[in-house]
Amino acid sequence: MNILITGATGFIASHTIVELQQDNHNIIGIDNLSNSSIDIVDKIAQITGKKMEFHKVDIRDYDNLKSVLSGKKIDCCIHFAGLKAVGESVAKPVEYYDNNIGGTITLLKVLNEIGCHNIIFSSSATVYGTPAFVPITEECPKRICTNPYGWTKSMIEQILLDMQNANKDWNVVLLRYFNPIGAHQSGIIGEKPNGIPNNLMPYITQVACGKREKLFVYGNDYDTPDGTGVRDYIHVVDLARGHVKALNAINNNCGGEIFNLGTGHGYSVLDVVKTFERVNNIKIPYEIAPRRPGDIATCYADPSKAEKILGWRAEYSLEDMCRDSWNYQQKN
Ligand code: NAD
Ligand code: UFG
15 MNILITGATG FIASHTIVEL QQDNHNIIGI DNLSNSSIDI VDKIAQITGK
65 KMEFHKVDIR DYDNLKSVLS GKKIDCCIHF AGLKAVGESV AKPVEYYDNN
115 IGGTITLLKV LNEIGCHNII FSSSATVYGT PAFVPITEEC PKRICTNPYG
165 WTKSMIEQIL LDMQNANKDW NVVLLRYFNP IGAHQSGIIG EKPNGIPNNL
215 MPYITQVACG KREKLFVYGN DYDTPDGTGV RDYIHVVDLA RGHVKALNAI
265 NNNCGGEIFN LGTGHGYSVL DVVKTFERVN NIKIPYEIAP RRPGDIATCY
315 ADPSKAEKIL GWRAEYSLED MCRDSWNYQQ KN
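In this text, residue positions in the sequence shown follow the numbering used here: the first is 15, and each later residue adds one.
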């Protein structure tokens with residue numbers, strides 16, 4: 015298939031392009047490079063031996079987007095582009111709504127105009143808020159989000175489902191990611207956060223390489239087995255393969271569908287620290303700190319719908335995730 019990837023040089027998209035190219039799909043990538051760099055295009059080619067067509071485009075720029083895509087036959091768009099820093103979204107809500115929601119609406123207009131009516135969207139478990147139950151199934155009700163970033167995901171989901179409801183030519187797949195970590199086994203691509211990492215694994219790898227002194231564990235008084243927050247960490251390569259499988263749903267004219275992409279296992283912060291230490295033979299000093307505002311105690315998926323309908327399940331273990339994250343950090 016000819017697949018348009020927005021946010022193509024980002025963390026999850028770059029791993030997805032590798033899997034798509036290895037499955038013989040043809041990629042047109044766009045990104046405004048606001049949170050990634052152009053060298054990722056060559057790094058992907060280094061892994062797959064195939065260079066994608068890439069354009070530096072902001073999805074909010076209708077004229078540029080239209081001129082890049084006009085006359086192209088796009089079978090499906092996988093829409094990753096967006097701003098994703100939770101704390102920053104609280105400080106800059108209008109920027110987040112403009113970029114994520116405004117950008118998506120402009121993208122949808124152009125897709126409609128060029129006759130592409132298939133989209134797979136990067137959503138997040140954040141739409142479940144404090145989940146009504148765990149493990150979280152797709153039937154779990156959406157809840158109040160705790161930050162503007164989360165609201166952009168929740169609102170874009172609604173926009174896409176409303177659009178599909180109004181025009182049955184569209185197929186819309188919403189993929190709700192749990193906590194993606196890890197990196198490609200080659201160590202060539204991975205996650206490179208700007209500044210102080212917000213997320214657990216990039217912080218741990220920066221402690222491991224001596225860039226940061228110690229990890230702050232946000233709270234050890236949650237109602238969890240060891241008191242620290244529990245999440246469903248998923249290897250980014252497994253997540254990437256979930257997108258390849260989601261194309262099956264698009265090809266089967268699925269209408270509007272939602273899938274959780276997680277492993278179904280919950281690990282605590284201290285589980286991750288201990289596993290990282292054991293697998294990589296490195297000590298991670300840590301200090302218990304107050305709870306981080308907006309955090310929930312426990313979040314993990316019931317991923318059985320994706321297995322039943324898409325034939326997808328996560329294969330990599332927490333050990334693999336810790337090993338590959340560290341391998342990437344060392345090489346970069
Ligand atoms: P990322 O920042 O590495 O990738 C996003 C890419 O989008 C970046 O390369 C950025 O430059 C680009 N971009 C941003 N705004 C753009 C615009 N207006 N026009 C064109 N390009 C633009 O993030 P990621 O972790 O790879 O996340 C990809 C998607 O998955 C995002 O939508 C994110 O919200 C979602 N998601 C991520 C996580 C996670 O923990 N990483 C969890 C759930 C959902
Ligand atoms: N944590 C620490 N110390 C840190 C960083 C994180 O103790 O320095 C803890 C958090 O308190 C939490 C766990 O590690 O218990 C995971 O935190 P992350 O920041 O890595 O991930 P979150 O679950 O908070 O959020 C992530 C993404 C969101 C997304 C959500 C659900 O950042 O964008 O997963 O998909 F919405």
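Each residue gets a CB set at the ideal place from its N, CA and C atoms; glycine is no exception. A quick note: this is a predicted structure, and the numbers were derived from the prediction, not measured.
**Asked** Thinking C-beta only, is Gly280 closer than 8 angstroms to Arg226?
**Response** no
**Request:** For Cys223, count neighbouring Cβ atoms within 10 angstroms of its own Cβ and tell me buried if that reaches 16, exposed if not.
**Result:** exposed
**Cβ distance (whole Å) where Leu121 is taken to contact Ile73 below 8 angstroms** = 5 angstroms
**Message:** Spatial neighbours of Val258 within its chain, please: C-beta separation below 7 angstroms, excluding the five flanking residues on both sides.
**Reply:** Glu33, Leu34, Asp37
**Request:** Express the C-alpha separation of Gly129 and Cys91 in angstroms, rounding to a whole number.
**Result:** 11 angstroms
**Asked** Measuring from the CB of Asp45, is there a heavy atom of the ligand NAD at a distance below 7 angstroms?
**Response** yes
**Item:** alpha helix (DSSP H) runs contained entirely in the stretch 103-154, provided each spans 4 or more residues
**Value:** 107-110, 117-127
**Request:** To the nearest angstrom, report how far apart Ser103 and Ser81 are at their CA atoms.
**Result:** 30 angstroms
**Message:** For Asp240, tell me which candidate among Asn294, Asn208, Val287, Asn262 has the shortest Cα-Cα distance.
**Reply:** Val287
**Item:** From Lys228, Lys57, Pro317, residue whose alpha carbon lies closest to that of Glu301
**Value:** Lys228
**Message:** List, from N- to C-terminal side, the beta strand (DSSP E) runs of 3 residues or more that fit wholly inside the stretch 28-67.
**Reply:** 40-45
**Asked** Which partner residues does Glu301 have in the DSSP bridge list?
**Response** Phe230
**Asked** What does DSSP give as the partner residues of Thr1 in its beta bridges?
**Response** One cannot answer for residue 1 here, as it falls past the ends of the chain, which runs 15 to 346.
**Request:** Give me the Cα-Cα distance between Asn78 and Val71, rounded to the nearest whole angstrom.
**Result:** 7 angstroms
**Asked** Which residue or residues does DSSP assign as beta-bridge partners of Ser282?
**Response** Val244
**Asked** Would the beta-carbon of Tyr110 be found less than 7 angstroms away from any heavy atom of the ligand NAD?
**Response** no
**Asked** Using DSSP with H/G/I as helix, E/B as strand and the rest coil, what is Tyr330?
**Response** coil
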